[in-house]
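In this note's numbering, the protein residues as written are 472 to 968. Down below is the structure, laid out as structure tokens.
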């Protein structure tokens, strides 16, 4: 499937959800908004190069909007923006820019999300749908995705999913749920393969409000790629890669001691089928025991320890909500895919780049620490996100470490009510490692980048505002080709239609 059909699918999602409604659900209330933001940008390093700094002026226009519909049996929402710029391949060639594959460059940067749900049969069948269009890196160690894409390292992806859910309460004894999910990721970069995922899950869980809870579950997932790469066996033989399948079944139980304390346990088995470099067993027994603590209605803490075919799986999560702030932190070790890490987005701040990963077709063991804090006070707003991820590809044992930290502050009192100000500082580090978890000397391209940004805005009238942004980027790498420093100034006129 090409990018054009995917783009049309995102645009038509409201119609898809709406057309699946029963007749009684068609009477919906709609709210819409639209805006456009023309702008001009000056950069002192359009090539993003350490030894070939050339300045340039780039024009931009960013249409944006949202639509939301809500009825008795259905609701949907679509919102986002698309930035278009005037930087062409010929301009880059005239400036002797030699980074990336210029023929694969993007002159637009979408950031669109859509979701919807509809009740097809009351108390029986529900349909959910979602879509996302955004960008990530082709090579995570050559620098983050840039809206101008001067080095050709940006991939535009389109992800959509459909999920019908059959659910039925069996009196007060149990609840039965059968869920199917299909999602597809479509990439514009030539080096990346499109992929799809089919998954089923079934649950028979306790339905009454008692101290004891239980859940009999079964899960199945198959991940396929349009253009499968080749898998390297231990004897050096290259064979076509097979689709990955993940299957599991088991029993989850819980016992609530009182309002604050609950103990949990899971026991089951998993049958996985995917290729591994060392022919390790990917199936086996799985278990987990844990404790949930809820000291207040606003605070939850969960800790646990388990075991799967790839080893011990300790976990931890905490969340706390206050009147003006939200804090969350977690640690877990799980099996996933690069396609999911790169396209599902993060849980804390969607304005910060998606979690980094390799665009590999291999399943990945992801050991991740995350922390997030958001404060919305009378004098300022604060948003912080941090992530540390150790990722191991199951097909070759290759390890990579990705770190992301970002802090943004927006004072609410600045000179006068007509003015606003915000500042963001972020740091990221991407480090490849060998199969023995040592620095990789074969292609030493560890990358570290600092980005500092300051924005000042002024309200002109009820529909128009002006913003001026300054951004400084300093990226260091073991590979000189990936090193650069850039100063960028952007002036934007925001017009609400």
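We put the beta carbon where it would ideally sit given N, CA and C, even for glycine. Bear in mind that the values here come from a model prediction, so they are computed numbers and not experimental data.
Does the count of Cβ pairs from the stretch 637 to 652 and the stretch 663 to 671 closer than 8 Å reach three? yes
When you compare the stretch 500 to 519 with the stretch 951 to 958, are there three or more beta-carbon pairs, one atom per stretch, that lie closer than 8 Å? yes
Quick one: Cα of residue 754 to Cα of residue 635, how far? By one-based count along the chain shown, residue 754 stands at place 283. By one-based count along the chain shown, residue 635 stands at place 164. Whole-angstrom Cα-Cα distance: 28 Å.
Is it buried or exposed, residue 968, if we count other Cβ atoms within 10 angstroms and call 16 or more buried? As a first step, residue 968 must be located in the chain shown, where it is residue number 497. Residue 968 is exposed by the Cβ-count criterion.
Taking 8 Å as the cut-off, decide whether the C-beta atoms of residue 790 and residue 796 are in contact. Taking the first residue of the chain shown as position 1, residue 790 is located at position 319. Taking the first residue of the chain shown as position 1, residue 796 is located at position 325. No, the pair does not count as a contact, with Cβ atoms beyond the cut-off.
Whole angstroms are fine: how far does the CA of residue 631 sit from the CA of residue 492? Position 21 of the chain shown, counted from the start, is the residue given in the question as residue 492. Position 160 of the chain shown, counted from the start, is the residue given in the question as residue 631. Legend: pLDDT at residue 492 = 42, less than 50; position of this residue unreliable, value from coordinates given subsequently. Going from the Cα of residue 492 to the Cα of residue 631 covers about 19 Å.
Using the three-state DSSP reduction, which class does residue 812 fall into: helix, strand or coil? Residue 812 sits at position 341 when you count from the first residue of the chain shown. If DSSP states are grouped into helix, strand and coil, residue 812 belongs with the helices.
If you compare alpha carbons, which of 589, 932, 588, 558 is closest to residue 578? As a position in the chain shown, residue 578 is number 107, starting the count at 1. Cα-wise, what sits closest to residue 578 is 558.
Can you grab the Cα-Cα spacing for the pair residue 747 / residue 843, in whole Å? As a working note, residue 747 is residue 276 in the chain shown. As a working note, residue 843 is residue 372 in the chain shown. Going from the Cα of residue 747 to the Cα of residue 843 covers about 34 Å.
Consult DSSP for residue 952 and reduce its assignment to one of helix, strand or coil. Against the chain shown, residue 952 aligns to sequence position 481. Note: residue 952 maps to helix in three-state DSSP.
Count the other C-beta atoms from every protein chain shown that fall within 10 angstroms of the C-beta of residue 529, then say buried if there are 16 or more, exposed otherwise. Walking along the chain shown from the start, residue 529 turns up at place 58. Buried, because 16 or more other Cβ atoms sit within 10 Å of the Cβ of residue 529.
Can you look up residue 430 in the DSSP assignment and give me helix, strand or coil? Because the chain in this structure spans residues 472 to 968, residue 430 falls outside the shown range and cannot be described.
Is the distance from the Cβ of residue 664 to the Cβ of residue 697 below 8 Å? By one-based count along the chain shown, residue 664 stands at place 193. By one-based count along the chain shown, residue 697 stands at place 226. Yes, the Cβ-Cβ distance between residue 664 and residue 697 is below 8 Å.
In whole angstroms, what is the alpha-carbon distance linking residue 914 and residue 902? The sequence position of residue 914 within the chain shown is 443, counting from 1. The sequence position of residue 902 within the chain shown is 431, counting from 1. Annotation note: pLDDT 44 at residue 914 (below 50); position unreliable, no value reported.
Give the DSSP bridge partners of residue 748, in chain order. Here the question's residue 748 lines up with position 277 in the chain shown. DSSP, once it has assigned bridges, lists no residue as partnering residue 748.
Helix, strand or coil at residue 794 [DSSP, three-state]: Start at 1 with the first residue of the chain shown, and residue 794 comes out as number 323. DSSP places residue 794 in coil when its eight states are reduced to three.
So, at 8 Å on beta carbons, what are the nonlocal neighbours of residue 773 in its own chain, with the 5 sequence-adjacent residues on each side left out? Taking the first residue of the chain shown as 1, we reach residue 773 at position 302. Cβ within range, chain order: 761, 762, 763, 764, 786, 787, 788, 789.
Measuring straight from C-alpha to C-alpha, what distance separates residue 951 and residue 724? Here residue 951 is taken as the residue at index 480 of the chain shown, counted from 1. Here residue 724 is taken as the residue at index 253 of the chain shown, counted from 1. Their backbone Cα atoms lie some 54 Å apart in a straight line.
In three-state DSSP terms, what is residue 661? For the purposes of this step, residue 661 is taken as residue 190 along the chain shown, with counting starting at 1. Note: residue 661 maps to coil in three-state DSSP.
What are the boundary residues of the beta strand (DSSP E) that includes residue 684? Counting from 1 along the chain shown, the entry for residue 684 is found at position 213. 683 to 696 is the extent of the beta strand (DSSP E) around residue 684.
Alpha-carbon spacing of residue 715 relative to residue 675, whole angstroms: Taking the first residue of the chain shown as position 1, residue 715 is located at position 244. Taking the first residue of the chain shown as position 1, residue 675 is located at position 204. Between residue 715 and residue 675, the C-alpha separation is close to 26 Å.
For residue 575, which residues of its own chain have a beta-carbon under 7 Å away from its beta-carbon, when the five flanking residues on both sides are left out? The sequence position of residue 575 within the chain shown is 104, counting from 1. Once the five neighbours on either side are set aside, the close Cβ partners of residue 575 are 623, 660, 661.
Spatial distance of residue 880 from residue 826 (CA atoms): Here residue 880 refers to the residue found at position 409 of the chain shown. Here residue 826 refers to the residue found at position 355 of the chain shown. Taking the straight line from one Cα to the other gives about 21 Å.
Span of the alpha helix (DSSP H) holding residue 561? The residue labelled residue 561 in the question sits at position 90 within the chain shown. Per DSSP, residue 561 belongs to the alpha helix (DSSP H) from 560 to 565.
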